[in-house]
Amino acid sequence: MGLQHFLTVIGGLITPTILISGAGSNALNLDPETRQYMISASLIVSGLMSTAHHLRSLLQIIRVNIPKTRFYIGAGLLQVTGVSFANLPAAQALVRNMYKSGVCPTQVLDDGTTEYLPCPDAFGAILGTQMICALLTIGISFLPPRVIRKLFPKIVTGIVLLVIGSSLLTSGMENWAGGSGPCMSRPTTGDYVLCPNNAAPHAQPWGGPVNFALGASVFFTIIFIEMAGSIFLKNVSVVLGLVVGCVIAAAIGMFDGSSIEAAPAATFLWVKTFKLSVYGPGIIPFLFVYLDMSIECLGDLTAACDVSGIEIQGPVFEQRCQGALLADGLSGVFSGLATSMGVVTFSQNNGVIAVTRCANRYAGVVCAVLMIIFGVFSKISAAFLAIPSPLIGGMTVFLFASVATSGIRILGYLDWTRRDRVVIAASLAVALGVSLVPDWFTYVMPTVENSALQGFYDAISTVVGTGYIMGGILSILLNLVLPHEKKNIDHDESSVVSGADRVFMDEEAGTIYTRDNTNQHQQQ
């Protein structure tokens, strides 16, 4: 059972690290050896933190908690953790800002193409900033659940998920076409006429038919399995789609195995290190990242409790919420120290629990151990890195669209009063607009010589230029400020009120679970 859970989560777990370490103006442009290590580190950290989530249940038999308090660490359920997609938009915005401001180096090639050089210090800044901001989740874990529900109702959750998924589609489509590096500008001379470079095996021009076909092979394989496969195959459709794409890429000579050959037999945390720092302009964006992760954590925990047949309300459930939030906050701090982006509770495996009716925590421990093993044996991590960009693009487009779909489904359970429409329309207008035109606010803030003031201006520009942060801020403020309407006073409003008293999301798997007063069901 642990293997089935592992195969279900592995695709979404490695995706953020692959994208942020890759090529382009909003990525770190790191060398293959460093990228391989980052993938290994993310797997190891996810496995270790998943084990930590189970530790509380093993100790709960004798009611061990934080000494002299009523608080716990961990949820005590069959849950795994992984690098959250919520990291990506903020991290990409920070890296893009660091290249623009000269913190990260660039060079202009003879053909006029701008080449973005490796910037490992930017990753160190991301790690240091996330560690500071993870303290917010730790603080939230001690708030009463009713306060958290007041701040983050489903209208906020739905908007944030919709915009996160929509904004990340850009990265997926760029990779589908061949990558986000210098070849994306389609230069006619130089080393990047083809993607990822002219020396790559069976290299293709950006947007060429071969790249399109490779990405499509993954994308449509996933769709076919989701529609016609068995229940088990549906749970691992992303992995199977990648396997089919890799077989095709290898058959045409496009699979580059050099990174696998160059990778060491084994690795572990801190084999490579990054210079930790706190990037001032990134503090506000990453504070919101951890707000969003808190929302994810509570939603995922509710889903896990429901499919495991455990109560989803009452003091025991609230105790689990507190433990899960505290574990996620501590995971954010530890993951930064362990050279990995922030991890959060995953719920992709909730579908496996619902289908198999097995919520044994030891299956989660087996899954966590497999994560650690795959991370330690670095040849496996290097194999993920060797996957051509079009295959990654075909996979991530589906994953990111699933995140957006989760947001849409959550919004579908609103009453859709005029007030709801105003909150959603205003939030999406700015959030999606920023995602489409990220530079719209770039020239509003002045350039000053005072470095501290300039850092504050850069932080504002980063926040306003990150779509899902703007969508979340606007939706929270409008939801708190706008008065609620009386029902049925506007005949234009929908007269159908959802029977779901509780709606919660499985972000990465794109699944919404609902429970009303009389029945319980799962919607795919």
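Residue numbers for the sequence shown follow my numbering, beginning at 21 and rising by one. Built from N, CA and C at the ideal position, the CB exists for glycine as well. The structure displayed is predicted, hence computed values, not measured ones.
Quick one: grab the DSSP three-state call for residue i.
i: residue 294; result: coil
i: residue 26; result: helix
i: residue 365; result: strand
So residue i and residue j are in contact, right, with Cβ under 8 Å, and what is the actual spacing, rounded?
i: residue 423; j: residue 108; result: About 10 Å; that fails the 8 Å criterion.
i: residue 310; j: residue 153; result: 5 Å
i: residue 201; j: residue 221; result: About 16 Å; that fails the 8 Å criterion.
i: residue 494; j: residue 450; result: 6 Å
i: residue 346; j: residue 161; result: 4 Å
i: residue 366; j: residue 102; result: 5 Å
i: residue 60; j: residue 343; result: About 28 Å separates the two Cβ atoms, so there is no contact after all.
i: residue 172; j: residue 272; result: About 47 Å separates the two Cβ atoms, so there is no contact after all.
i: residue 177; j: residue 419; result: Residue 177 to residue 419, Cβ: 18 Å. No contact.
i: residue 19; j: residue 260; result: There is no way to answer for residue 19, as the model of the chain reaches only from 21 to 544.
Along the alpha helix (DSSP H) that carries residue i, what are the first and last residues, could you check?
i: residue 281; result: 278–282
i: residue 102; result: First-last for residue 102: 100–103, but that is the beta strand (DSSP E), not the alpha helix (DSSP H).
i: residue 196; result: 174–197
i: residue 266; result: 257–271
i: residue 250; result: Looking at the DSSP string, residue 250 is not in any alpha helix (DSSP H), and its letter there is neither H nor E.
i: residue 580; result: With the chain covering 21 to 544 only, the question about residue 580 has no answer from this structure.
i: residue 478; result: 471–484
i: residue 416; result: 409–431
i: residue 434; result: Run containing residue 434: none; DSSP gives neither H nor E here.
i: residue 404; result: 398–405
i: residue 545; result: This structure gives no information on residue 545, because the portion of the chain shown stretches from 21 to 544.
i: residue 120; result: 107–120
Under DSSP, the beta strand (DSSP E) around residue i begins and ends at which residues?
i: residue 342; result: Counting along the chain, residue 342 falls outside any beta strand (DSSP E), though it belongs to the alpha helix (DSSP H) covering 335–357.
i: residue 127; result: 126–128
i: residue 136; result: 134–136
Using a C-beta cutoff of 7 Å, does residue i count as contacting chain D?
i: residue 503; result: Reference to chain D is not applicable here, since this structure consists of a single protein chain.
Practice task
Report yes or no: do the region 109–125 and the region 290–310 share at least 3 C-beta pairs separated by less than 8 Å?
Solution key: yes
Problem - Three-pair Cβ contact test at 8 Å for the region 339–356 versus the region 282–292 - result: no
Practice task
Ignoring anything shorter than 3 residues or poking outside the region 140–170, list the beta strand (DSSP E) runs there in chain order.
Solution key: none
Handout entry: the region 137–150 contacting the region 403–420, beta-carbon criterion three pairs below 8 Å
Key = no
Practice task
Taking 8 Å as the threshold, find out whether the region 123–137 comes into contact with the region 272–281 through three or more Cβ pairs.
Solution key: no
Handout entry: At least 3 beta-carbon pairs within less than 8 Å: the region 88–97 vs the region 353–361
Key = no
Problem - Segment contact, 8 Å Cβ cut-off, at least three pairs: the region 356–363 with the region 64–71 - result: yes
Handout entry: Any 3 or more C-beta pairs closer than 8 Å across the region 47–60 and the region 397–407
Key = yes
Handout entry: Contact the region 26–42 vs the region 330–343: 3+ CB pairs below 8 Å
Key = no
Handout entry: Cβ contact (3+ pairs, closer than 8 Å) linking the region 144–153 and the region 463–479
Key = no
Exercise for the section: May I ask you to verify whether the region 492–506 touches the region 432–446, counting CB pairs closer than 8 Å and requiring at least 3? Expected result: yes
Practice task
Taking 8 Å as the threshold, find out whether the region 245–254 comes into contact with the region 230–237 through three or more Cβ pairs.
Solution key: no
Handout entry: Three CB pairs or more closer than 8 Å across the region 183–199 and the region 390–398
Key = no
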